[in-house]
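Everything on this sheet refers to the single structure shown next.
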Amino acid sequence: MVATTRPETMLGDTAVAVHPDDPRHQGKIGKVIKHPFTGREFPVIAGSVLVDPKFGTGAVKVTPAHDPNDFECGKRHNLPFVSIFDEKGLVTAEGGPFVGLDRVEARKQVKAKIAELGLERGGKPHAHAVGHCQRCNTIVEPMISTQWFVKMEPLAKPAIEAVEQGKTRFVPETWSKTFFHWMNNIRDWCISRQLWWGHRIPAWYCAACQQPTVARTTPEKCAHCGGKDLTQDEDVLDTWFSSWLWPFATLGWPDQTRELRTFYPTTVMETGYDILFFWVARMLMAGLHFMKKVPFRTVYLHTMVTDEHGDKMSKVKGNTIDPLEVAQKHGADALRFALAWLTNPAAQGKNIKFSMSNVEDARRFANKIWNATRFVLMNLDDYNADQFADRTTEGPDGAEFDLPERWIMSRIQRATEEINTALEDYRFAEAAQAVYHFIWNEICDWYIELAKARLQDPAQAGERWKIQGTLVTALDAAMRLLHPFMPFITEELWQKLPKPQGAPQSIMITLYPIADPRYVDDATESAMALVQRVVATVRSLRTENNVPSSVRPKVVLNVIDDYKKTILDGYRGLVSEQARLGEIVVRRAGEPPTGAVLTAMAGDIEILLILEAKADSGPERAKLERDRATLTKDRDHLAKKLANPQFNEKAPRAVLDKDRARLAETEAALAKVEAALARL
RNA sequence: AGGCGAGUAGCUCAGUGGUAGAGCAGGCGCCUUACACGCGCCGGGUCGCAGGUUCAAUCCCUGUCUCGCCUACCA
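Numbers given in our numbering equal positions in the first sequence, counted from 1, plus 2.
Laid out in structure tokens, this is it:
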């Protein structure tokens with residue numbers, strides 16, 4: 003008794019296989035079976051590969067001409083290969099009484115005939131794995147036919163060696179494992195395709211001797227018998243069979259063109275990881291075979307772009323996006339930036355979940371850049387680019403520029419460094435995010451804001467050209483850093499920026515920024531960080547306590563060291579402007595002011611906001627209590643850590659010093675919070 | 001079944017041996033003369049689970065669970 007999901011194929015059976023160790027079927031191996039319909043006689047064979055004794059009845063019918071596994075089995079056991087379907091899916095003469103039936107009809111009738119003869123032994127539901135056409139869902143019928151293959155092993159070997167020797171490397175490197183696994187187990191490549199268009203296979207069959215003649219041009223006569231009646235193979239070549247020639251065929255090969263000499267091999271091949279075998283590995287093999295050199299030195303593989311649910315885009319499913327439509331709606335820059343933002347080196351099984359909201363975010367970013375540039379241009383009426391050309395952080399008198407100018411110059415270098423490093427490592431998302439952060443959070447949120455009031459202040463007219471020049475410098479750097487990610491808007495805006503004599507005609511031919519260590523300024527950055535911290539804390543205090551933006555309260559800053567006093571004293575104007583304050587007093591110590599006072603801590607700096615009248619102390623108390631909880635937790639954690647003798651003994655000096663300093667700061671801040679709470 | 005990955009804030013994802021970050025989403029307040037495609041502020045995470053190594057683990061090791069991808073197979 004055998005089980006089958008496809009009864010109709012029994013017409014082509016030429017054996018029944020059982021497992022050699024299966025006690026149920028021991029005596030049957032070698033016996034001959036008579037086919038109930040065709041009358042054909044065939045053996046019961048022992049098949050340890052094909053048969054899983056735990057599955058079904060432990061006996062399997064073998065149809066070598068219509069099943070890939072049975073085909074292999076048929077070769078192993080020298081079984082006849084009986085084709086029971088023709089190319090239209092109709093039963094051939096081999097099918098005996100069923101001849102001429104469509105395969106679907108044949109299935110019904112074979113089943114009925116089995117029942118009629120009393121041979122049916124029941125059935126049960128079974129999830130089968132018969133192949134279906136992806137587009138029309140028709141069952142695919144495996145059949146035997148003559149097709150052309152490329153012998154892959156001799157081609158694979160040099161490619162494996164090239165990767166082993168590092169002539170081509172994968173980014174991320176982990177893909178070389180997958181590559182080796184596939185290449186070491188490579189199968190011959192079937193290049194025949196039964197499509198109605200494409201390059202016809204250059205093989206001709208002789209009517210006289212049936213032998214194939216393979217030639218570059220249409221042959222006059224059969225290479226074997228000289229026969230003149232030749233017919234070309236109907237099949238066409240697999241598309242990848244021409245694609246694997248891409249790296250050199252596109253450059254004029256087989257002619258030794260200038261382009262071929264210049265661009266072969268190329269540097270980076272970039273594609274989705276699903277293309278690794280289809281194309282990348284094959285280009286590598288073809289390149290080594292025809293050009294004797296690898297086609298590219300680096301293969302960058304990114305994850306697949308899927309829809310927002312993580313489903314692979316496919317025309318059949320209808321979840322594809324049309325890049326041209328997206329570009330039409332949101333701009334090519336937005337589309338490009340959105341993809342860059344999401345593109346990091348491929349981790350297997352992960353993908354880029356592409357959604358329109360990413361494109362919309364990128365478009366907002368483009369809008370932001372546009373407006374920032376507009377602001378700068380609006381303030382350049384009296385600006386002379388040539389005057390500023392060689393100045394960056396100090397004036398002709400040798401005097402340093404003001405804090406914001408020195409700060410953004412330093413930040414330009416940091417951003418440039420970060421972006422370049424990320425790009426060199428193929429971490430495109432990180433690079434894109436770094437540009438975004440630099441432009442939005444540093445240039446727009448801080449530098450432009452710090453520039454505004456000073457540009458309008460008649461008392462600072464002498465500073466004006468420095469601020470203007472620095473704004474232009476920052477935008478110039480920003481546009482050039484962003485250019486690979488948003489080529490169109492950056493060119494447009496860059497063209498509008500004032501430039502000194504002799505500047506390049508297009509942003510495309512400017513140099514990509516390189517960090518200049520001369521402008522990296524740690525002291526300036528930490529001073530600015532202090533200003534930012536105090537401003538942020540005051541803003542938070544005001545917002546949480548509903549102090550309207552029209553009110554400009556006086557503030558007292560109690561600091562615990564001279565460094566902070568000097569910095570905050572020196573930049574009271576900036577703090578006052580950004581935090582919308584009135585008078586600012588910075589002091590080392592003093593009695594807490596009486597009356598309507600709001601208190602908050604910026605690290606260990608105590609901020610006392612003095613109001614006309616104080617209303618509800620609830621929000622202030624809640625915030626101070628939250629601070630107290632956090633600070634207490636931090637203090638306990640640090641104290642416990644530092645009390646551990648093994649920590650003191652084994653931890654690096656720098657870590658110890660840092661933690662000790664942090665404990666001291668935390669304790670000081672906590673004491674001030676406690677005092678403020680007591681006063682409430 | 002074998003191979004390869006991933007599990008971190010509501011979502012999408014960064015990240016580092018020294019007490020966690022972004023974008024978006026959410027809440028509150030603002031038309032503060034570049035931008036409401038905006039500005040300011042706020043909330044939110046025992047970094048899948050269990051062991052181990054270490055002075056110290058989200059990060060290293062082992063096991064485990066879940067999810068995904070690739071390859072093979074499913075009479």
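Ideal Cβ placement from N, Cα and C applies to all residues, glycine included. Every value quoted in this text rests on a predicted model; they were computed, and no experiment measured them.
Query                                                                                                                      : Result
Residue range of the unbroken beta strand (DSSP E) whose run includes Ala678                                               : Counting along the chain, Ala678 falls outside any beta strand (DSSP E), though it belongs to the alpha helix (DSSP H) covering Arg655 to Arg681.
Helix, strand or coil at Asp571 [DSSP, three-state]                                                                        : helix
Span of the alpha helix (DSSP H), counted from its first residue to its last, around Gly620                                : Gly620 to Ala645
Extent of the continuous alpha helix (DSSP H) run through Thr241                                                           : Thr241 to Ser245
Segment contact flag, the stretch 438–458 with the stretch 357–374, C-beta cutoff 8 Å, min 3 pairs                         : yes
Straight-line Cα distance separating Ala538 from Glu407                                                                    : 20 Å
Residues near Leu532 in its chain [Cβ-Cβ closer than 6 Å; skip 5 each side]                                                : Ile569
Residue(s) in a DSSP beta bridge with Leu303                                                                               : Thr273
Beta strand (DSSP E) segment containing Leu473, residue limits                                                             : From DSSP, Leu473 is part of no beta strand (DSSP E) but of the alpha helix (DSSP H) over Arg466 to Leu484.
Asp231, buried or exposed, once every other Cβ within 10 Å from all chains shown has been counted against 16               : exposed
Tyr438: first and last residue of the uninterrupted alpha helix (DSSP H) it sits in                                        : Phe430 to His439
Beta-bridge partners of Arg171, as assigned by DSSP                                                                        : Thr300
Local Cβ density within 10 Å of His485, reported as buried at 16 or more and exposed below that                            : buried
Cut-off 6 Å between Cβ atoms - residues of its own chain near Thr345, not counting five sequence neighbours on either side : His304, Phe430 and Ala431
Pair within 7 Å by beta-carbon distance, Ile607 and Val561                                                                 : yes
Beta-carbon proximity list for Arg664, same chain, < 7 Å, skipping 5 on both sides                                         : Leu640
Proximity of Ala598 and Leu576 at Cβ, strictly below 7 Å                                                                   : no
Option nearest Tyr207 by Cα separation, candidates Ser194, Glu236 and Thr545                                               : Glu236
Between the CA atoms of Gly14 and Leu103 - distance to the nearest angstrom                                                : 14 Å
Contacting residues, own chain, Cβ-Cβ under 7 Å from Ala334 (five flanking each side not counted)                          : Phe490
Through-space distance from Ala453 to Val675, alpha-carbon basis                                                           : 34 Å
Host alpha helix (DSSP H) of Gln389 (start-end)                                                                            : Ala387 to Phe390
Coarse secondary structure for Lys501, derived from DSSP in three states                                                   : coil
The stretch 647–660 / the stretch 588–603 touching (three or more Cβ pairs under 8 Å)                                      : no
Segment contact flag, the stretch 405–421 with the stretch 516–524, C-beta cutoff 8 Å, min 3 pairs                         : yes
Distance CB(Pro460)-CB(Arg482) smaller than 7 Å                                                                            : no
Spatially closest choice to Pro25 from Val152, Ala417, Pro55 and Trp191, by CA coordinates                                 : Pro55
Cα-Cα separation between Ile86 and Met3, rounded to whole angstroms                                                        : 22 Å
Beta-carbon proximity of Lys63 to Met12, cut-off 7 Å                                                                       : yes
Three-way DSSP call (helix, strand, coil) for Met154 in this model                                                         : coil
Trp442, enclosing beta strand (DSSP E) - first and last residue                                                            : Trp442 -> no beta strand (DSSP E), and no H or E assigned at all.
C-alpha distance - Pro654 paired with Lys660, whole-angstrom precision                                                     : 10 Å
Boundaries (first-last residue) of the alpha helix (DSSP H) holding Phe367                                                 : Met358 to Met380
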